[in-house]
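The structure appears right after this line, and notes come after that.
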Amino acid sequence: MKVSSKTRYEKVLKLKDSEIDYTDIPETDEKFWKDAEVFYPDQKVQVSIRLDKEIISWFKQFGRGYQTRINSVLRSYITERRREVKKIL
Numbered sequence: 016m017k018v019s020s021k022t023r024y025e026k027v028l029k030l031k032d033s034e035i036d037y038t039d040i041p042e043t044d045e046k047f048w049k050d051a052e053v054f055y056p057d058q059k060v061q062v063s064i065r066l067d068k069e070i071i072s073w074f075k076q077f078g079r080g081y082q083t084r085i086n087s088v089l090r091s092y093i094t095e096r097r098r099e100v101k102k103i104l
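This note's numbering puts the first residue of the sequence shown at 16, with every later residue one more than the last.
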C-alpha cells in the first residue's frame with residue numbers, strides 16, 4: 016500500500032526533535048559560516064500590465080505559477096542587459 020505524501024508529512028510533524036536522526040548531517044563550525052550572507056528575496060509589487068493574449072496563453076499552458084514564470088523571464092532579460100552594459104563600460 017502506497018503511503019501518501021500528506022500522511023508522511025503528518026508523521027514528521029508529530030516527531031519530537033529528540034526522535035530525529037541527525038547522524039547523516041555533518042556538523043558545521045564557524046569556518047563553514049564565515050562567508051555566509053543573509054539573503055532577503057526581492058519584494059513583489061502588485062501591478063497591472065497589458066500583455067498580448069498570446070503571451071498570457073503561452074505562459075498559462077504550463078499551469079499554475081504563470082506569473083512567477085513571467086517574472087523569471089523578465090529577471091533573466093534584466094540580468095543579460097546588465098551584462099551587456101558592463102561590457103560596454
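Just so it is clear, CB atoms sit at the ideal spot from N, CA and C, and this is done for glycine as well.
Here the structure is a predicted model, which is why all the values come from computation and not from measurement.
query: Quick one: Cα of ARG90 to Cα of ILE40, how far?; result: 34 Å
query: Distance, Cα to Cα, LYS68 vs THR83?; result: 17 Å
query: For ARG65, which three-state DSSP category applies?; result: coil
query: Between which two residues does the alpha helix (DSSP H) carrying GLN82 extend?; result: 81-103
query: Look at the alpha carbon of TYR92 and the alpha carbon of GLY78, and state the distance between them as a whole number of angstroms.; result: 22 Å
query: With DSSP run on the structure shown, which of helix, strand or coil describes VAL27?; result: helix
query: Measuring straight from C-alpha to C-alpha, what distance separates THR22 and LEU104?; result: 56 Å
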